[in-house]
Amino acid sequence: MAPNSDPYGMRGDRANIHPMQHHVSRSTRGKIMGERAGFRGCTIWFTGYSGAGKSTLAFALEDYLCSKGIPAYVLDGDNIRHGLNSNLGFSPEDREENIRRVAEVARLFADSGVVCITSFISPYLKDRESARKVHEKDGLKFLEIFVDAPLAVCEERDVKGLYKKARAGLIKGFTGIDQIYEPPANPDLNMKTAEFGIDESIQQIVTKLEEHGIVPDHAIDSIKELFIPAEHLDSAKAEAASLKTLSIDKVDLQWVQVLSEGWATPLTGFMREAEYLQSLHFNSAGNGRATSQSVPIVLAASTADKERLHGEKAITLVHSGKPVAILRNPEFYEHRKEERCARTFGTTHAGHPYIKMIMDSGDWLVGGDLEVFERIRWNDGLDQYRLKPNELRKKFTELGADAVFAFQLRNPIHNGHALLMSDTRRQLLEQGYKNPTLLLHPLGMS
């Protein structure tokens, strides 16, 4: 030790070191961290062989969470060894110290309210368990994710060429070649990256974070379809036959289609009054999620229907004599028609066909959760082209689309449309996208 480098005699003597308490609570930090209020500080610890996909998943998860307004930061093994741990090698002792330092840094990130994502081989069980204890003693959540790719797969990938060097004897102490890896006995999540793509893997991770209360349920990028599972369909239809019914018209059935296929996610049925007012006054839907929803999706009912169905726990919706759905826990509320028209269309003039339809409809609205028996079909020769959101996502994946640009047209395609479409694709290519794909939604012909 250099002369006077420890003038207070504190190195190695913890009796003279007194931790200080923060004045700012975790709850207060949570209120000011990002768009999604609430303390979410934790550490997500990726472990696995080199080449398993830890860094790929870690940075993809960071990007995804930040896009949802949830602060996140990655501590990556290679990056840390270029800075904080640049003085450490790969002996068992240095590996232990590497993980000890990272665990302490991750704990600080987590305590600040950030979702800290670590990507380290961390081959030893005891080191990972020590990292967990560092967090849990401070009341911080720690999730261990085993990026479970077989060694043969990792060696085949060999993105950095390290396995080849290790096999040639140019790298000593390489995990999986001449140093052991101790896989987690009971990880919080086992990610088999040889079987799932990045997007699917990220959704599995985010779902796990939601289960632990780290992210809200609306952070999960999923489409909520409202169809009754096939195994429950017979019992649901039998129940529907015993319920009181409410007849719906063609427009109502179209809204049932929109809701059941997931186009209006996160809505789970026709809007209850709180959802209706949120849409009407704030042009949004969902609790805590900035989902655009400027058009109320509501079901009108007459006073006679309201009085007849008041107090029912469930109602069967019927179109042209055919049961199409069950509406659970229905809520009736006043249909303020002029306000609805004024806020939705900016006018209450009855010459507008949709406004006339609203004015002629029932004086009450009824909301509730929908359970739909089967997919709505119109048998007009176009049903095969009416893909659900989940089907479109699958199709875009099959096409290898890295961007989707959509056009919705009322008239037949003409040169103006074609110019806009081709120019949009050109601009996306200039931005670096490789395969931007057009989604064209023609509404009809005039």
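To get the working numbering, take the position in the sequence shown, counting from 1, and add 12. Every residue, glycine too, gets a C-beta built ideally from N, C-alpha and C.
query	result
Pick from Pro278, Ala326 and Ala316: whose alpha carbon is nearest that of Ser304?	Pro278
Which residues in the same chain have their Cβ closer than 6 Å to the Cβ of Leu201, if we skip the five residues on either side of it in sequence?	Ile157 and Lys220
What does the alpha-carbon distance come out to for the pair Ser124 and Cys78?	16 Å
Round the Cβ separation of Trp376 and Ala313 to the nearest angstrom and send it over; I've been treating them as touching at under 8 Å.	5 Å
On a Cα-Cα basis, can you pick out the residue from Glu105, Ile425 and Gly380 that is closest to Ala326?	Gly380
Let me make sure I understand the geometry here. Which of Thr436, Cys54 and Asn402 has the alpha-carbon closest to that of Glu222?	Cys54
Pick helix, strand or coil for Ala164, following the three-state DSSP scheme.	helix
Measure from the alpha carbon of Cys166 to the alpha carbon of each residue in Thr187, Lys153 and Lys149, then state which is nearest.	Thr187
Is Gln305 helix, strand or coil when you go by DSSP?	coil
When we look at the beta-carbon of Val36 and count the other beta-carbons within 10 Å, is it buried (16 or more) or exposed?	exposed
Hey, could you find the ends of the alpha helix (DSSP H) Asn110 is sitting in?	Pro104 to Asp123
Using a Cβ-Cβ cut-off of 7 Å (strictly less than) and excluding sequence neighbours within five positions of Leu245, which residues of its own chain qualify?	Phe385
Return the CA-CA distance between Glu343 and Asp317, expressed in angstroms with no decimal places.	12 Å
Do Leu137 and Glu194 have their C-beta atoms closer together than 9 Å?	yes
When you compare each of Ile189, Thr68, Val146 and Gly60 to Ala178 by their alpha carbons, which one comes out closest?	Ile189
Am I right that Tyr61 and Ala161 are in contact with their C-beta atoms under 8 Å? What's the rounded C-beta distance?	6 Å
By Cβ distance, which residues of its chain are closer than 7 Å to Gly185, with the 5 residues on each side in sequence left out?	Phe102, Ser103 and Gln191
Is the segment 344-362 touching the segment 284-292 in the sense that three or more CB pairs, one from each, lie closer than 8 Å?	yes
Report the rounded CA-to-CA distance for Gln443 versus Asp414, giving the unit in angstroms.	12 Å
Look up Ser131 in the DSSP assignment and say whether it is helix, strand or coil.	strand
Under a Cβ-count criterion, where at least 16 other Cβ atoms within 10 Å of its own Cβ denotes burial, should Gly281 be classed as buried or exposed?	buried
For Arg340, report the span of its beta strand (DSSP E) as first-last.	Lys334 to Glu346
Enumerate in chain order the residues of its own chain whose CB-to-CB distance from Asn16 is below 7 Å, with the five nearest sequence positions on each side excluded.	Note that Asn16 scores 49 on pLDDT, short of 50, meaning its location in the model is unreliable and no value can be drawn from it.
For the candidate residues Pro199, Ile92 and Tyr175, whose alpha-carbon lies nearest to that of Arg144?	Pro199
Tell whether a beta-carbon distance below 9 Å holds between Ala337 and Leu411.	no
Under the assumption that Ile210 contacts Ala72 (Cβ atoms under 8 Å), give the Cβ distance between them as a whole number of angstroms.	5 Å
DSSP on Gln215, reduced to helix/strand/coil?	helix
Going by the DSSP bridge assignment, what does His331 pair with across the sheet?	Lys334
Cα separation between Gln216 and Leu321?	41 Å
Span of the alpha helix (DSSP H) holding Ala276?	Unbroken run through Ala276: none, as it is neither H nor E.
Compute the Euclidean distance between the alpha carbons of Ser134 and Ile82, then round it to the nearest angstrom.	26 Å
Say whether chain B places a C-beta atom closer than 9 Å to the C-beta of Lys407.	The structure shown contains no chain B; it is built from a single protein chain.
So which of Arg355, Phe294, Asp264 and Asn447 has the shortest CA-CA distance to Val378?	Asp264
The beta strand (DSSP E) spanning Ile56 covers which residue range?	Cys54 to Thr59
Looking at the unbroken beta strand (DSSP E) that takes in Met371, where does it start and where does it end?	Counting along the chain, Met371 falls outside any beta strand (DSSP E), though it belongs to the alpha helix (DSSP H) covering Pro365 to Asp372.
Count the other CB atoms, across all protein chains shown, that sit within 10 Å of the CB of Ala362; report buried if there are 16 or more and exposed otherwise.	exposed
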